[in-house]
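What follows is a short report on a single structure.
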Amino acid sequence: MARRPIALVTAAVLFLEAPGIVAINAVMARFVKIQTMSLDGMDPDAMYTGTWALGIASGVALALCGLVALLAGVRDRRPGRVGRGLLIGCAIVHGVLGAVTVGLVGWGAFAFMMLVLGLIVLTLVAYGKGDEKAAEPAEPHEGAPAPA
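Per this note's numbering, the very first residue in the sequence shown carries number 115; after that it's consecutive.
See the structure below:
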């Protein structure tokens with residue numbers, strides 16, 4: 115299986131998605147700020163700041179997941195325990211957001227979210243436990259009997 119290209123494409127998609135999610139949250143924060151919206155009496159400035167914070171945190175998380183996929187592709191080794199946890203969490207978030215976006219945004223956004231979900235899962239599966247590069251079997255010594 116072509117593990118490296120899958121991991122590198124996954125990293126590229128996640129790196130492109132990171133500033134996109136920050137930009138979407140920036141637009142939402144701008145709408146909240148301009149219209150002085152509030153939710154059940156919350157301070158509009160707190161909502162504005164919270165929207166920016168969520169956007170930046172989401173962008174950083176996507177960039178970290180992209181970095182994990184990039185390192186897996188460059189090294190051609192599976193990610194460590196924390197890296198796999200990040201990728202699994204990212205896959206879960208993409209699955210849940212994909213289910214939400216089909217109703218709110220449409221099928222195009224759903225297809226994109228499922229494409230990213232598929233790439234992340236494929237990266238995780240391609241670098242599964244059974245695919246570690248095995249060491250060459252040692253040749254038997256000259257004096258040792260051959261196995262039956």
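The C-beta atom is built at its ideal place from N, Cα and C for all residues, glycine as well.
Helix, strand or coil at ASP159 [DSSP, three-state]: Three-state result, ASP159: helix.
VAL141: first and last residue of the uninterrupted alpha helix (DSSP H) it sits in: 117-149
Measure from the alpha carbon of LEU168 to the alpha carbon of each residue in ASP190, ASN139 and MET156, then state which is nearest. ASN139
Near ALA100, which residues of its chain fall below 7 Å by C-beta distance, leaving aside the five closest residues on each side in sequence? The shown model of the chain, from 115 to 262, leaves out residue 100, and the question about it has no answer.
Indicate the three-state DSSP secondary structure (helix, strand or coil) for SER152 in the structure shown. coil
Pull up the CB-CB distance for ARG192 and TYR241, whole angstroms please, since I reckon it's below 8 Å. 3 Å
Expressed to the nearest angstrom, what Euclidean distance is found between the alpha-carbon atoms of GLY134 and GLY155? 30 Å
Contacts around LEU233, its chain only, beta-carbon distance under 8 Å, and the 5 residues preceding and following it disregarded: ILE120, VAL123, THR124 and VAL127
Looking only at its own chain, which residues have a Cβ that is under 7 Å from the Cβ of MET142, when we skip the five neighbours before and after it? THR165
Delimiting residues of the alpha helix (DSSP H) encompassing GLY212: 195-218
Reducing DSSP to helix, strand and coil, say where ARG189 ends up. helix
Within a Cβ cutoff of 6 Å, which residues of the same chain sit near LYS243, ignoring the five residues on either side of it in sequence? So the list is empty, once near-sequence residues are dropped.
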